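**Q** Take this structure, written in structure tokens, and hold onto it; I'll ask about it next.
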């Protein structure tokens, strides 16, 4: 059996009871390390779980996953994922590959930024399409996310940007959601560019049309 286990956002204890039982009993445990950032050290996980955790980098997950899946043909193998397993298409892809190989797959869900972003008071059903804003390189400068943000804006919907637009656009920045050091700030994009939220993980919401309750909550709970 191949298990994909979400371990939540901010604390080693965020893993579910079901997920912890799987981790303790699995033949081998991998930690997917590139679609998100772990806010605690790997050694903290190992100490809490009482077993070794093997870091699986991008190459291992995207191009070398067949070797991981081969183990799951006759053993219980667990892949740990920060947040929820289906918050990244990478994990959907590896689940499909396992299915194609005839390997049983079981997913254990957990909180992710996709639902925990509600901590800032914006209503989840009033978000449009989520966008990823990649870091540009000299040869790769994708800008398709601009159109998605603009379309959400036209519909009065908020945009969750995972990681520029009129610098006076109102935005909400959140950092380390689920941790004791969680922060929520409400600023213009110009102000946000100069604001230090501290260590990752960070997310940005481009605000659409606020309703009364959202505006009141943001005023009360943001910095």
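Numbering (UniProt numbering), first residue to last: 1 to 223. The beta-carbon is built from N, C-alpha and C at its ideal position, and this holds for glycine as well. Treat the numbers as computed from the prediction; the structure is a model and nothing was measured.
Quick one: is residue 94 buried, meaning 16 or more other Cβ sit within 10 Å of its Cβ, or exposed?
**A** Walking along the chain shown from the start, residue 94 turns up at place 94. Per the 10 Å Cβ criterion, buried.
**Q** In chain order, which continuous runs of the beta strand (DSSP E) of length 3 or greater are located wholly inside the stretch 167 to 221?
**A** As far as the stretch 167 to 221 is concerned, its whole beta strand (DSSP E) runs of at least 3 residues are 170 to 175, 183 to 188 and 202 to 206.
**Q** Apart from the five residues on each side of it in sequence, which residues of its chain come closer than 7 angstroms, Cβ to Cβ, to residue 164?
**A** Position 164 of the chain shown, counted from the first residue, corresponds to residue 164. In this predicted model, residue 164 has a pLDDT of only 42, less than 50, meaning its place in the structure is not dependable enough to derive any value.
**Q** Do residue 169 and residue 108 have their CB atoms nearer than 8 angstroms?
**A** Within the chain shown, residue 169 is the residue found at index 169, counting from 1. Within the chain shown, residue 108 is the residue found at index 108, counting from 1. No, Cβ-Cβ distance for residue 169 and residue 108 is not below 8 angstroms.
**Q** Under 8 angstroms, with one C-beta from each stretch per pair, do the stretch 169 to 184 and the stretch 203 to 222 reach the 3-pair mark?
**A** Yes, since at least three Cβ pairs between the stretch 169 to 184 and the stretch 203 to 222 fall closer than 8 angstroms, the two stretches touch.
**Q** Check each candidate in 71, 148, 40 and 49 and name the one with the smallest Cα separation from residue 27.
**A** By 1-based counting over the chain shown, the position of residue 27 is 27. Minimum Cα distance to residue 27 is reached at 71.
**Q** From which residue to which residue does the beta strand (DSSP E) around residue 32 run?
**A** One-based indexing of the chain shown puts residue 32 at position 32. 28 to 32 is the span of the beta strand (DSSP E), which, as asked, contains residue 32.
**Q** Among the candidates 138, 140 and 161, whose CA atom is the shortest distance from the CA of residue 147?
**A** Position 147 of the chain shown, counted from the start, is the residue given in the question as residue 147. Ranking 138, 140 and 161 by Cα distance to residue 147 puts 161 first.
**Q** Could you give the first and the last residue of the continuous beta strand (DSSP E) run that contains residue 5?
**A** As a working mapping, residue 5 is identified with position 5 in the chain shown. Where residue 5 is concerned, the enclosing beta strand (DSSP E) stretches over 2 to 6.
**Q** Between the stretch 39 to 48 and the stretch 107 to 127, can you find at least three pairs of beta-carbon atoms closer than 8 angstroms?
**A** The stretch 107 to 127 is not in contact with the stretch 39 to 48.
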